[in-house]
Amino acid sequence: QRAEAYGMPWYCVDGNDVLKVYETMRIASEQVRSGQPVLVETLTYRYFGHSKSDRNLYRSKEEIEDYREHRDPIKRYRKRLVQAGLLSEQQADAIDQEALQVIEAAAAFAEAAPGPDVSTLTEFVYA
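If you want the working numbering, it's the position in the sequence shown, counting the first as 1, plus 180.
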């Protein structure tokens, strides 16, 4: 609603719904390309705390599990694709396996990589 005070259009969208986010961003990007500022608020869910010290005690395990099971954007989109007949369960499983392999390879690469040189510690720090 703050955007209204500046005469800007704003959109609030379920950030866990891939198709709604896509459509909202399509509309917003058209407006931006025409020179108009736009504010997009995506409402989503954070499964973990704000930091390692945040033990996430303000939400129940049931609430978190409900979001993971019923509102996870990847699961919701997969379900839509399968229900629409655009993807079979076997194809979806194969995509999941391929994505897992890419993630595992990236994690292994990152773990094997040397740490940054200490002399670069203050580069790109603007505060």
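We treat Cβ as the ideally placed atom computed from N, Cα and C, and that holds for glycine.
Rounded to the nearest angstrom, the Cβ distance from Ala208 to Val218 is 4 Å, consistent with a contact under 8 Å.
A straight line joining the alpha-carbon of Leu199 with that of Tyr257 spans about 8 Å. By a beta-carbon distance limit of 8 Å, Ala272 contacts Val262. Their separation comes to about 6 Å.
Burial state of Thr224 is exposed, judged by a 10 Å Cβ sphere holding fewer than 16 other Cβ atoms. Taken in chain order, the whole beta strand (DSSP E) runs of length 3 or more contained in the region 256 to 292 number zero. Counting C-beta pairs with one atom in each stretch, the region 229 to 237 and the region 286 to 300 have fewer than three that are closer than 8 Å, which means they do not touch. Assignment of Val218 by DSSP, reduced to helix, strand and coil, places it in the coil class. In this structure, DSSP gives Asp194 an extended state, which the three-state scheme calls strand. A distance below 6 Å between beta-carbons, with the five flanking residues on each side excluded, links Arg251 to the following residues of its chain, in chain order: Asn196. It is roughly 21 Å from the alpha-carbon of Ala292 to the alpha-carbon of Glu278. For Leu223, the three-state secondary structure derived from DSSP is strand.
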